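Enquirer:
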Amino acid sequence: MYEKYVDISSEVMEALDHGKPVVALESTIISHGMPYPMNVETALKVEDIIREGGAVPATIAILNGRLKVGLTKEEIDYLGKAGQKVIKTSRRDIPFIIAKQLDGATTVASTMIIADIAGIKVFATGGIGGVHRGAETSFDISADLEELGRTDVAVVCAGAKSILDINLTLEYLETKGVPVVGYQTDELPAFYTRKSGFKVDYNIQTPSELALALKAKWDLHLNGGFVIANPIPEKYEMDFDTITDAINKAVEEAEKLGIKGKESTPFLLAKVKELTGGDSLESNIELVYNNARLAAKLAVEYSKL
Numbered sequence: 002m003y004e005k006y007v008d009i010s011s012e013v014m015e016a017l018d019h020g021k022p023v024v025a026l027e028s029t030i031i032s033h034g035m036p037y038p039m040n041v042e043t044a045l046k047v048e049d050i051i052r053e054g055g056a057v058p059a060t061i062a063i064l065n066g067r068l069k070v071g072l073t074k075e076e077i078d079y080l081g082k083a084g085q086k087v088i089k090t091s092r093r094d095i096p097f098i099i100a101k102q103l104d105g106a107t108t109v110a111s112t113m114i115i116a117d118i119a120g121i122k123v124f125a126t127g128g129i130g131g132v133h134r135g136a137e138t139s140f141d142i143s144a145d146l147e148e149l150g151r152t153d154v155a156v157v158c159a160g161a162k163s164i165l166d167i168n169l170t171l172e173y174l175e176t177k178g179v180p181v182v183g184y185q186t187d188e189l190p191a192f193y194t195r196k197s198g199f200k201v202d203y204n205i206q207t208p209s210e211l212a213l214a215l216k217a218k219w220d221l222h223l224n225g226g227f228v229i230a231n232p233i234p235e236k237y238e239m240d241f242d243t244i245t246d247a248i249n250k251a252v253e254e255a256e257k258l259g260i261k262g263k264e265s266t267p268f269l270l271a272k273v274k275e276l277t278g279g280d281s282l283e284s285n286i287e288l289v290y291n292n293a294r295l296a297a298k299l300a301v302e303y304s305k306l
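23 is the number that the numbering used here gives to position 22 of the sequence shown; each next residue is one higher, with no gaps.
Below, the structure is given as structure tokens:
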């Protein structure tokens with residue numbers, strides 16, 4: 002049934018057929034997250050890191066209406082050059098991107114869906130979406146959280162993006178039964194910083210222990226994903242007060258301009274980058290590299306079970 006819509010690269014297919022470790026990667030970070038050519042350079046470096054870790058990278062996107070699992074360098078470059086002309090695609094958008102034979106950059110939610118279709122269990126990204134500030138009146142809640150509640154994919158990230166309401170995001174995940182695990186930390190990292198002031202559900206010390214937890218969860222049909230929060234390396238984290246001030250100013254401007262929905266995250270991240278003189282972009286890139294390293298280790302351990 003899925004073959005009608007999905008193209009899996011030969012490298013990824015060979016790995017899946019032989020039970021080798023595979024790590025899924027999203028494409029919104031390429032088309033909407035960074036300027037060209039930095040976006041392409043970062044995406045290719047992430048793939049290299051995963052290969053160095055013993056796993057196969059599977060960058061996911063929708064091209065000409067086809068769900069692509071494992072992109073060529075040329076396809077990654079195309080997404081990087083096209084930038085925001087490529088449609089930011091979540092669960093609700095997938096059928097229409099297919100029907101209209103358009104290009105789509107996959108978010109956390111849609112990457113999870115397509116990874117699950119392909120049989121990939123580990124996914125590395127920057128940070129997950131969540132409950133936006135002021136959601137008690139706007140109801141602005143990322144589809145990433147709903148997907149985490151239903152789709153059996155582990156998401157390695159640097160916590161929730163610090164532009165969000167982290168407390169409400171954790172409450173939402175708890176309601177959905179999604180474990181929020183800190184990798185060698187008791188505290189949920191807040192994307193640009195290692196600390197947020199909020200505790201994780203479990204502190205797991207090794208990739209092998211993480212893999213065992215994933216296996217048990219899904220063997221028992223406890224459907225849904227895992228949030229594996231991996232703190233940004235200390236030397237790349239931003240000063241807490243500096244980033245908090247920049248985020249607050251960005252949120253205020255977004256409110257004044259009436260920016261909501263799927264446009265809010267790209268706007269806020271771009272504004273924070275502007276306010277921090279580009280320092281936030283460097284941190285963003287380094288935390289993605291760090292997550293790719295852990296995801297490769299986790300995929301390797303999971304493939305042994």
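Positions of the beta carbon are idealized from the N, C-alpha and C atoms, including for glycine.
Given the structure is predicted, the values throughout are model-derived calculations rather than measurements.
Short of 7 Å in beta carbon distance, which residues of its chain neighbour S28, apart from the five on each side in sequence? Order them along the chain.
Expert: T60, I61, A62, L80, A106 and T107
Enquirer: Near A247, what residues of its chain come up, given a Cβ to Cβ distance below 6 Å and the 5 sequence neighbours on each side ignored?
Expert: V273, L276 and T277
Enquirer: Determine the contact status of L299 and I229, defining contact as a CB-CB distance below 9 Å.
Expert: yes
Enquirer: With which residues is P58 paired in a DSSP beta bridge?
Expert: BP columns for P58 point to V24.
Enquirer: By DSSP, does N285 sit in helix, in strand, or in coil?
Expert: helix
Enquirer: Can you tell which of K101, K200, G54 and L288 has its C-alpha closest to the C-alpha of E235?
Expert: L288
Enquirer: Taking the continuous beta strand (DSSP E) assigned at F227, which residues delimit it?
Expert: F227 to A230
Enquirer: Which one or two residues does DSSP pair with H133 in a beta bridge?
Expert: L165
Enquirer: Along the chain, which unbroken stretches of the alpha helix (DSSP H) at least 4 residues long are found entirely within the region 242-279?
Expert: 265-276
Enquirer: Considering only the alpha carbon of each residue, which of Y184, G120 and L306 lies closest to R294?
Expert: Y184
Enquirer: If I follow the unbroken alpha helix (DSSP H) through V123, where does it start and stop?
Expert: Taken as a continuous stretch (DSSP letters only), V123 belongs to no alpha helix (DSSP H), being part of the beta strand (DSSP E) at V123 to A125.
Enquirer: Go to N204, then tell me how far its alpha helix (DSSP H) extends in each direction, as first and last residue.
Expert: Segment Y203 to I205 is the beta strand (DSSP E) holding N204; no alpha helix (DSSP H) there.
Enquirer: On a Cα-Cα basis, can you pick out the residue from L258, A296, A255 and Y237 that is closest to L282?
Expert: Cα-wise, what sits closest to L282 is Y237.
Enquirer: Determine the DSSP secondary structure at R67, reduced to helix, strand or coil.
Expert: strand
Enquirer: Within a Cβ cutoff of 7 Å, which residues of the same chain sit near S304, ignoring the five residues on either side of it in sequence?
Expert: G20, K21 and P22
Enquirer: Would DSSP call K46 helix, strand or coil?
Expert: Helix, per DSSP.
Enquirer: Give me the Cα-Cα distance between V156 and P36, rounded to the nearest whole angstrom.
Expert: In a straight line, the C-alpha of V156 is about 24 Å away from that of P36.
Enquirer: Hey, K101 and Y290 are a contact pair by Cβ (cut 8 Å); roughly how many whole angstroms apart?
Expert: Contact doesn't hold; Cβ gap of about 35 Å is too wide.
Enquirer: Let me make sure I understand the geometry here. Which of P58, A217, F227 and A212 has the alpha-carbon closest to that of C158?
Expert: F227
Enquirer: Could you give the DSSP three-state label for I233: helix, strand or coil?
Expert: Three-state DSSP puts I233 in coil, outside helix and strand.
Enquirer: Quick test of your reading: A116 and D145, contact by CB under 8 Å. State the CB separation rounded to the nearest angstrom.
Expert: Their Cβ separation, rounded to whole angstroms, is 13 Å, which puts A116 and D145 out of contact at 8 Å.
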